[in-house]
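Visitor:
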Amino acid sequence: MIRFGLRLAVAGGREALTRLIVIAAAVAIGSGLLLTTLAGVNAVNAQLTRYASMYPNASASEADPLWWSNRQDYFHGKQIIRIDVAATGSTAPTPVGVPTIPGPDEYYASPAFRDLLAAHPADQLGDRYPGRDLGTVAPAALTSPDTLLVIAGGTPEQVAKLPNAQQVTHVGDAPALPEATVNLILGVTAGGLLFPVLIFIGTATRLSAARREQRFAAMRLVGATPRQISLVAAVEAAAAAVAGTAVGFALFYAFRAPLAGIPFTGMPFFPSDMSLGLLDVLLVALGVPAGAALAAQVSLRRVRISPLGVTRRVTPRAPRAYRLIPMVLGVAVLVFAIGFRPETSDGQAAVFLPGLLLIMAGLVFAGPWLTMVGARVLARYANRPATLIAARRLADNPKAGFRAISGIMLALFVTSVAVGVITTIVGNRGPAPTGSTDAGTVTTVFDEKVPSVPDTLVAELRAISGVRSATAIRENPVMTDSGEVGVIACTDLPSAYGRCAGGASVIEVPLGLSRWRESASPATVWPAASLTLDALQRLPVGAMVVGTDGSSAAIERVRTVLEIAYPTFWVGPNVPGDFESDFADTLRGWEQLANVVIVASLALGGCSLAVSVIGGLTERRRPFSLLRLSGAPVRVLRRVVALESAVPMLAVAAVAIGMGLLAAHLFLRAQMDYTLVAPEPRFYAIVVVGLAACLGVIASTLPLLERITGPETARSE
1 MIRFGLRLAV AGGREALTRL IVIAAAVAIG SGLLLTTLAG VNAVNAQLTR
51 YASMYPNASA SEADPLWWSN RQDYFHGKQI IRIDVAATGS TAPTPVGVPT
101 IPGPDEYYAS PAFRDLLAAH PADQLGDRYP GRDLGTVAPA ALTSPDTLLV
151 IAGGTPEQVA KLPNAQQVTH VGDAPALPEA TVNLILGVTA GGLLFPVLIF
201 IGTATRLSAA RREQRFAAMR LVGATPRQIS LVAAVEAAAA AVAGTAVGFA
251 LFYAFRAPLA GIPFTGMPFF PSDMSLGLLD VLLVALGVPA GAALAAQVSL
301 RRVRISPLGV TRRVTPRAPR AYRLIPMVLG VAVLVFAIGF RPETSDGQAA
351 VFLPGLLLIM AGLVFAGPWL TMVGARVLAR YANRPATLIA ARRLADNPKA
401 GFRAISGIML ALFVTSVAVG VITTIVGNRG PAPTGSTDAG TVTTVFDEKV
451 PSVPDTLVAE LRAISGVRSA TAIRENPVMT DSGEVGVIAC TDLPSAYGRC
501 AGGASVIEVP LGLSRWRESA SPATVWPAAS LTLDALQRLP VGAMVVGTDG
551 SSAAIERVRT VLEIAYPTFW VGPNVPGDFE SDFADTLRGW EQLANVVIVA
601 SLALGGCSLA VSVIGGLTER RRPFSLLRLS GAPVRVLRRV VALESAVPML
651 AVAAVAIGMG LLAAHLFLRA QMDYTLVAPE PRFYAIVVVG LAACLGVIAS
701 TLPLLERITG PETARSE
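Mapping of the sequence shown onto this note's numbering: residues 1 to 717, in sequence order.
(1) Using the DSSP secondary-structure output, state which residues sit across from I83 in a beta bridge.
(2) Do three or more CB pairs link the region 504-520 to the region 461-468 at distances below 8 Å?
(3) Assign M360 to one of three DSSP states: helix, strand, or coil.
(4) What are the start and end residues of the alpha helix (DSSP H) that includes S645?
(5) May I have the straight-line CA-CA distance separating I698 from S625, to the nearest angstrom?
(6) In three-state DSSP terms, what is M544?
(7) What do you reckon, are the CB atoms on P540 and K449 nearer than 9 Å?
(8) Do P573 and V611 have their CB atoms nearer than 9 Å?
(9) Given a threshold of 16 other Cβ atoms within 10 Å of its Cβ, counted over all protein chains shown, does E680 qualify as buried or as exposed?
(10) Contact between the region 162-171 and the region 89-100: three or more CB pairs below 8 Å?
(11) To which residues of the same chain is Y381 closer than 7 Å at the C-beta, ignoring the five residues directly before and after it?
(12) In three-state DSSP terms, what is E157?
(13) Among L334, G362, G367, which one has its Cα closest to the Cα of V351?
(14) Out of R376, G131, T88, which has the shortest C-alpha to C-alpha gap to I564?
(15) If you measure between the beta carbons of P326 and A361, is that distance less than 9 Å?
(16) Classify G491 as helix, strand or coil using the three-state DSSP reduction.
(17) Sorted by chain position, which residues of the same chain lie with C-beta nearer than 8 Å to T560's C-beta, five sequence neighbours on each side aside?
(18) Would you check if the distance between the CB atom of V687 and the CB atom of A653 is smaller than 9 Å?
(19) Decide yes or no for the touch test of the region 45-56 against the region 24-31: beta carbon pairs closer than 8 Å, at least 3 of them.
(20) For my contact list, P156 and A63 are in at a C-beta cut-off of 8 Å; report their separation, rounded to the angstrom.
(21) Tell me which same chain residues have a C-beta within less than 6 Å of the C-beta of E556, skipping the five on either side of it?
(22) Within 10 angstroms of the Cβ of P178, are there 16 or more other Cβ atoms? Answer buried if so, exposed if not.
(23) Using only the alpha-carbon positions, how far apart do P576 and G512 sit?
(24) Helix, strand or coil for E106, going by three-state DSSP, please let me know.
(25) Is the beta carbon of G330 less than 9 Å from the beta carbon of L358?
(26) Can you find at least 3 beta carbon pairs, one from the region 143-156 and one from the region 105-113, that sit closer than 8 Å?
(27) So T701 is in the beta strand (DSSP E); what residue range does that whole segment cover?
(28) Check whether the region 317-324 and the region 640-656 touch, using three or more Cβ-Cβ pairs below 8 Å as the test.
(29) Would you check if there are 3 or more beta carbon pairs closer than 8 Å linking the region 410-421 to the region 654-671?
(30) Look up A432 in the DSSP assignment and say whether it is helix, strand or coil.
(31) Return the first residue and the last residue of the alpha helix (DSSP H) that D534 is part of.
(32) Excluding the 5 residues flanking T568 on each side, which residues of the same chain have their C-beta closer than 8 Å to its C-beta?
(33) Measuring CB to CB, does A285 end up less than 9 Å from T245?
(34) Note the first and the last residue of the continuous alpha helix (DSSP H) segment covering D396.
(35) Could you work out which residue in A332, W67, L221, T147 is closest to M267 when comparing CA atoms only?
(36) Using the three-state DSSP reduction, which class does T757 fall into: helix, strand or coil?
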């Protein structure tokens, strides 16, 4: 029977061969995307693991400890990770990615950082890292090819005085423990892609299911047993799925390198990161053909009951409202998380991720009921034959009507969740608005007590081309409710940053001379401080603010001078936007993931829709042919097909978007105590364009209707 099934699959005429090719092509696309999704998750985990190796935890063992300090520097808005190390003995562990521990005045640099050093003058960057260049940091220590990393050596006494200095005896074995938000994004992304992929594969394997049912029913009438029919169907479906899966693997490995270069997480991957584990390979290589065979088994349930089961079709039982239960449970889980949020990131992910996935599964489970409700509403207000026929057909079999649009529903849900979360985070934590003065303001906050700033340093800063002012801000001995506030003399305040209150000689100012999320302005009036000028001079310096013309050369030269003068910084001198740049990179990564989900899910949903519509037309060509023979114009039949797909698609789109924004709001309330910020107009534009594209897919299949519903079809079947 296996050989017979294979013969039917490849030698059953042009129709069977066409069906085999179409199913294989659909499975190839689906399995390729499935492999890409699994490899992408592995790549992100690899990035997180290497990132964790940069931040080892203090440990104790028999090995000599290694002094370790992580610091941050900036150049042209990009973050530079600086790791200072010092060995205390010959058995101290070696940092990942370098052959030896660098000694005093020695350093290793990542390839991307070495390119920066070679491309810019030393007084802008290179002078910050004097000493001997020992070589390149290997990829094993880099989160991505673009990582800017420096591993610098020093004496134990020097490194021990640096911020966050600690002694470690093991490096490189820290597990990757992403935060709950990262787990959430990865989980929703994987789910948002896996669901449409599986739906697409399932839709493809059901292509021409009705025609195969009739053929297998005929085989039953001539004596074939249900077991033999099931085996033949499974072999036929699995043959196409095996061929498609093999092509999917070939597509994945052919495009793996270009895909690795796309910054899905804000940073590109190394090609080797896009790897597949044994479990991933087995899951796709065995799971996809097995799923196709199972779909074929399910589609033949009427044939197994009776050889005449295909012809004695009755209206399926209408779906009931209990299908809403999983979706309601998912919402309840997120509501519960608002009042009870686990302390650990893994515990939070264990609550949020199942809740969101439960809503996704609930939407699919509730889809037929929603389709039935929409069809009944459509039938109640129908005033044209096409509308009435489409509504009655949808109400007769809402499961089949929803199956074609289930992928689109999930795409819109995942898109709504991602956009809602990102938009709200940007609205609450996005970059502060900056004006021309802010863009050129370099601020360094001292981590150690600095009694005063030497006049020679001030003179050196002011001698830099493009520098307009250099101001030392002293620590405020009075605690305030408005964050870190320093004090300066009125005579030292540059006019570009405001003016003093009337009669004040000493004023309170932010350490950067501008308030958080506000631009510096000459019109700003700073309040008086309860200090005398003599008391002010006895206070230590808390920060140094240098105003420039905003040119990159001036900013980077100022950074270099300040870092050489004060080498024990924790965070290097920065301009407004530097702190936000890391967060902006994260947001861009999330937006990239959201865009991948949007494009891939809508594309898969459109493909599933096209396959479903074409399959439905092929299976129903006899009823449509009879309608044409009875006088129904082709345009009426086209309206029927269009309404059968468009009406449930638009109805569930509203539900999916609403549930997505609700889920985003509940997550934000529970995780960050934020209230959902309405998405920008471009989100709705994306939704409209996506739905319009899906309507275009439906329209592209309509010309097929006239060709397959001629009188000869009614006579031949």
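We put the CB at the ideal spot given by N, CA and C, even for glycine.
Guide: Let me spell this out:
(1) N70, I151
(2) no
(3) helix
(4) According to the DSSP assignment, S645 belongs to the alpha helix (DSSP H) that extends over 634-671.
(5) 20 Å
(6) Strand at M544.
(7) Cβ distance < 9 Å, so P540 and K449 count as in contact.
(8) no
(9) exposed
(10) yes
(11) none
(12) If DSSP states are grouped into helix, strand and coil, E157 belongs with the helices.
(13) L334
(14) G131
(15) Cβ atoms of P326 and A361: closer than 9 Å.
(16) A small correction: the amino acid at residue 491 is Thr; Gly does not occupy that position in the sequence shown. Correct three-state label for T491: helix.
(17) D123, Q124, L125, D127, R128
(18) yes
(19) no
(20) Not a contact, Cβ separation roughly 15 Å.
(21) Q124
(22) Because P178 sits at a pLDDT of 44, beneath the cut-off of 50, its placement in the model cannot be relied upon, and the following sentence gives the value as read from the coordinates. So P178 counts as buried.
(23) 9 Å
(24) strand
(25) yes
(26) Enough Cβ pairs lie closer than 8 Å, so yes.
(27) First-last for T701: 681-701, but that is the alpha helix (DSSP H), not the beta strand (DSSP E).
(28) no
(29) yes
(30) Per-residue confidence for A432 stands at a pLDDT of 46, beneath the threshold of 50, marking its modelled position as unreliable; the derived number appears in the next sentence. Residue state, collapsed to three classes: coil.
(31) 533-537
(32) K161, L162, P163, D447, E448
(33) yes
(34) 385-396
(35) T147
(36) Absent from the structure is residue 757, since the part of the chain shown begins at 1 and ends at 717.
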